[in-house]
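Peer 1:
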Amino acid sequence: MSGKSDDLVLVINSGSSSIKYQLLDPESSAIAASGMVDRIGEPNSGIEHHAEGRTVEHHGPIADHTTGLKLVFDMFAETGQDLAGAGVRAVGHRVVHGGEVFYRPTLIDDSVLAAISELSSLAPLHNPANVAGIVSARKLLPDVPQVAVFDTAFFHGLPDAAKTYAIDAKVAAAQGIRKYGFHGTSHEYVAGAVARLLDRDRLEVNQIVFHLGNGASASAIRGGHPIDTTMGLTPLEGLVMGTRPGDLDPGIVPHLMRSAHLDIDQVDELLNRHSGLKGLSGVNDFRELQRLIDAGDDASRLAYEVYIHRLRRYLGAYLIELDRVDAITFTAGVGENSPQVRADALAGLSRFGIEVDPALNTAKSRVARHISTPGSEIAVLVVPTNEELAIARAAHRIVAADG
Ligand code: AMP
Numbered sequence: 054m055s056g057k058s059d060d061l062v063l064v065i066n067s068g069s070s071s072i073k074y075q076l077l078d079p080e081s082s083a084i085a086a087s088g089m090v091d092r093i094g095e096p097n098s099g100i101e102h103h104a105e106g107r108t109v110e111h112h113g114p115i116a117d118h119t120t121g122l123k124l125v126f127d128m129f130a131e132t133g134q135d136l137a138g139a140g141v142r143a144v145g146h147r148v149v150h151g152g153e154v155f156y157r158p159t160l161i162d163d164s165v166l167a168a169i170s171e172l173s174s175l176a177p178l179h180n181p182a183n184v185a186g187i188v189s190a191r192k193l194l195p196d197v198p199q200v201a202v203f204d205t206a207f208f209h210g211l212p213d214a215a216k217t218y219a220i221d222a223k224v225a226a227a228q229g230i231r232k233y234g235f236h237g238t239s240h241e242y243v244a245g246a247v248a249r250l251l252d253r254d255r256l257e258v259n260q261i262v263f264h265l266g267n268g269a270s271a272s273a274i275r276g277g278h279p280i281d282t283t284m285g286l287t288p289l290e291g292l293v294m295g296t297r298p299g300d301l302d303p304g305i306v307p308h309l310m311r312s313a314h315l316d317i318d319q320v321d322e323l324l325n326r327h328s329g330l331k332g333l334s335g336v337n338d339f340r341e342l343q344r345l346i347d348a349g350d351d352a353s354r355l356a357y358e359v360y361i362h363r364l365r366r367y368l369g370a371y372l373i374e375l376d377r378v379d380a381i382t383f384t385a386g387v388g389e390n391s392p393q394v395r396a397d398a399l400a401g402l403s404r405f406g407i408e409v410d411p412a413l414n415t416a417k418s419r420v421a422r423h424i425s426t427p428g429s430e431i432a433v434l435v436v437p438t439n440e441e442l443a444i445a446r447a448a449h450r451i452v453a454a455d456g
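Residue numbering for the sequence shown is 54 to 456, as defined by my numbering.
1. Flag residue 341 as yes when its Cβ comes closer than 8 Å to any non-hydrogen atom of the ligand AMP, and as no otherwise.
2. Check whether the region 216-231 and the region 240-247 are in contact - that is, three or more C-beta pairs closer than 8 Å.
3. Can you determine whether any heavy atom of the ligand AMP sits closer than 8 Å to the C-beta of residue 215, and answer yes or no?
4. Assuming residue 198 contacts residue 160 (C-beta within less than 8 Å), just tell me the rounded distance between them.
5. On the DSSP bridge assignment, give the partners of residue 144 in chain order.
6. In whole angstroms, what separates the C-alpha of residue 434 from that of residue 411?
7. Between residue 442 and the rest of its own chain, which residues show a CB-CB distance below 8 Å, the 5 nearest in sequence each way excluded?
8. Between which two residues does the alpha helix (DSSP H) holding residue 388 run?
9. Using DSSP with H/G/I as helix, E/B as strand and the rest coil, what is residue 104?
10. I'd like to check one pair, residue 416 with residue 251: are the Cβ atoms closer than 9 Å?
11. Hey, how far is the Cα of residue 356 from the Cα of residue 370?
12. I need the DSSP call for residue 122, collapsed to helix, strand or coil.
13. Could you tell me whether any Cβ in chain D is nearer than 9 Å to the Cβ of residue 85?
14. Flag residue 338 as yes when its Cβ comes closer than 8 Å to any non-hydrogen atom of the ligand AMP, and as no otherwise.
15. Once you ignore the five residues that flank residue 69 on each side, which residues in its own chain have a CB closer than 7 Å to its CB?
16. In chain order, what residues of the same chain lie with their CB nearer than 7 Å to the CB of residue 209, ignoring the 5 residues before and after it?
17. Less than 7 Å between C-beta atoms, sequence neighbours within five positions excluded: which residues of the same chain meet that for residue 438?
18. Who are the Cβ neighbours of residue 269 in its own chain at under 6 Å, not counting the five residues just before and after it?
19. Given residue 421, which residues of its chain have a CB within under 6 Å of its CB, disregarding the five upstream and five downstream residues?
20. The alpha helix (DSSP H) spanning residue 339 covers which residue range?
21. On the three-pair Cβ rule with 8 Å, is the region 300-320 touching the region 271-281?
22. Indicate whether the contact test is met: 3 or more Cβ pairs, each with one atom in the region 117-124 and one in the region 86-99, closer than 8 Å.
23. Spatial neighbours of residue 192 within its chain, please: CB distance less than 7 Å, with the 5 preceding and 5 following residues excluded, ordered by chain position.
24. With respect to 8 Å, is the separation between the Cβ of residue 387 and the closest non-hydrogen atom of the ligand AMP below this value?
25. Taking all protein chains shown into account, decide if residue 142 is buried (16 or more other Cβ within 10 angstroms of its Cβ) or exposed.
26. Out of 450, 313, 72, point me to the one whose CA is closest to residue 184's CA.
27. Nearest to residue 424 by alpha carbon, out of 307, 418, 414?
28. Which value, in whole angstroms, describes the spacing of the CA atoms of residue 186 and residue 116?
29. Rounded to whole angstroms, what's the CA-CA distance from residue 108 to residue 102? Just pull it up for me.
30. Could you check where the alpha helix (DSSP H) with residue 168 kicks off and where it finishes?
31. Is residue 458 near the ligand AMP, with its Cβ less than 8 Å from a heavy atom?
32. According to DSSP, simplified to helix, strand and coil, what is residue 440?
33. Determine the DSSP secondary structure at residue 271, reduced to helix, strand or coil.
34. Does any heavy atom of the ligand AMP sit closer than 8 Å to the C-beta of residue 390?
35. Quick one: is residue 150 buried, meaning 16 or more other Cβ sit within 10 Å of its Cβ, or exposed?
36. With a threshold of 16 other CB atoms inside 10 Å of the CB of residue 67, please say whether the residue is buried or exposed.
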């Protein structure tokens, strides 16, 4: 293992049926171990654990998050990393919704955990899973400080005009309805990396970031502070995603309930799991979508066109909101790996000072880089995101400051 184990932070990202984790050094960013528990609660659960150049697997039913994490700890021991014994410096948890309550990385105690649990009404698909991960990790590592890092935190200070939905203000206030925004850890991390790449102070840079993964969001950031973002009260709003539709006429929901007799859980399921690229083409994975398009599949071609159309709509909006833009950046699975999406999103915009260099755009690279022409007024960049590292650093900072 690189570094002493007490320099390391264990980062946990638990979903409803999965736990992704990484043990890493927040300073050097070296990864000591990583893995994923999959299909928790189903008969065919599994774990894949990578450490010390080895991969260890577990197959068989895993009833809940605590059982999954316990098995992960056994695997750490098997690869020579006794987490409970040697101790790690901190555990950093990705928590999806911080509501109005949490907008900084926060040391978890019983009252913080209760508050995260209470916020489940705003994120019923996400916060309960995050709580399960925290409860399990506290049980297994009772002496290690646990820190929550919130996906909404970066967008807490959005301007009122950008965060307010035009519905009955009393209803909105009573129900906590506002634009919260998500993927904040990634947008903040990438925005910082952009400033370094441009060799400018973060607070001077105006930029647009496209986080295009299975979930997708864009943000407009002025001088280090976000002034708008595409996701809203929930991660459903905005761009077209793998399985979520992004923007919709809200009238579609009552229409479906009245005409198709769907109940609220069925609508939720339709919007969260069977819409977006998957709803239009049958697949949510971008590589599969590209293969289907290449094979001449019309539904997949349309899905791609809807995806790009939505990206460009927000690009136009954010160019106007920001007025002066220094950089447009692509990140996450699709953003980092699909030159086609980057080219199509920014095609024909030289009159706005945006020119992608085809050779730079298609060159294979895993590092932060320019893909615009030297004459492009607005720099176009690809910056790999690293949410785990950002969470590890935040957790480490909090623990160090706490003494
Ligand atoms: P993420 O959620 O950031 O892990 O991104 C997942 C998405 O990135 C999936 O839709 C993948 O198909 C997509 N992706 C990963 N690698 C590539 C690639 N080489 N070309 C296009 N899409 C990719």
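Even glycine gets a Cβ: it sits at the ideal position worked out from N, Cα and C. The structure presented is a predicted model; accordingly, all values stated were derived computationally and were not measured.
Peer 2: On the basis of the coordinates in this document:
1. yes
2. no
3. no
4. 6 Å
5. 63, 199
6. 13 Å
7. 77, 79, 82, 242
8. 385-390
9. strand
10. no
11. 22 Å
12. helix
13. Given the protein chain composition of this structure (a single chain), no chain D is represented.
14. yes
15. 178, 182
16. 156
17. 239, 242, 243, 264, 384, 385
18. 292, 294
19. 246, 250, 436
20. 339-347
21. no
22. yes
23. 119
24. yes
25. buried
26. 72
27. 414
28. 13 Å
29. 5 Å
30. 163-171
31. Nothing can be reported for residue 458: it is not among the residues displayed for the chain, which extend from 54 to 456.
32. helix
33. strand
34. yes
35. buried
36. buried
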